[in-house]
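S.K.: For the sequence shown, the numbering used here assigns the number 74 to the initial residue and increments by one for each residue that follows. For glycine and all other residues, C-beta sits at the position ideal for the given N, C-alpha and C. Computed from a predicted model, the values in this text were never measured in an experiment.
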Amino acid sequence: MGEFMKLRPTPFAGSHDPLEAHDRIGTIERKLEIINCDEPTKVALATHQLIGAALAWWESYREAHRGQVTWEGFLEDFRKYHVP
Numbered sequence: 074m075g076e077f078m079k080l081r082p083t084p085f086a087g088s089h090d091p092l093e094a095h096d097r098i099g100t101i102e103r104k105l106e107i108i109n110c111d112e113p114t115k116v117a118l119a120t121h122q123l124i125g126a127a128l129a130w131w132e133s134y135r136e137a138h139r140g141q142v143t144w145e146g147f148l149e150d151f152r153k154y155h156v157p
């Protein structure tokens with residue numbers, strides 16, 4: 074987590090602007106590529122940046138998937154919800 078935090082990721086609280094959500098998840102993806110981590114770590118680090126309404130979405134999503142969340146699944150469903 075230390076390497077990721079050195080890249081200064083900014084929290085995401087959700088947005089009514091789909092472009093903001095699209096840009097934010099893209100920025101997180103690029104930062105995760107830099108530190109070259111495995112998929113479960115990508116999910117953990119990306120979701121650690123969620124606050125407010127975005128965190129509420131994540132908690133509901135995680136509960137519905139009973140902890141079986143893949144990186145690709147997270148990205149797809151994040152985009153479906155936040156970037157309609």
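Closer than 6 Å by C-beta to LEU80: which residues in its own chain qualify, once you throw out the five before and the five after it? Chain order, please.
M.R.: Start at 1 with the first residue of the sequence shown, and residue 80 comes out as number 7. Correct list, in chain order: LYS104.
S.K.: Hey, quick one: how far does the alpha helix (DSSP H) through THR120 stretch, first residue to last?
M.R.: Position 47 of the sequence shown holds residue 120. Segment 112 to 121, the alpha helix (DSSP H) holding THR120.
S.K.: Comparing alpha-carbon positions, which option in PRO113, PHE85, CYS110 lies nearest THR100?
M.R.: Position 27 of the sequence shown, counted from the first residue, corresponds to residue 100. Nearest C-alpha to THR100: PHE85.
S.K.: So, is ALA137 buried or exposed, given that buried needs 16 or more other C-beta atoms within 10 angstroms?
M.R.: Within the sequence shown, numbered from 1, the residue matching residue 137 stands at position 64. Answer is exposed; the Cβ neighbour count stays below 16.
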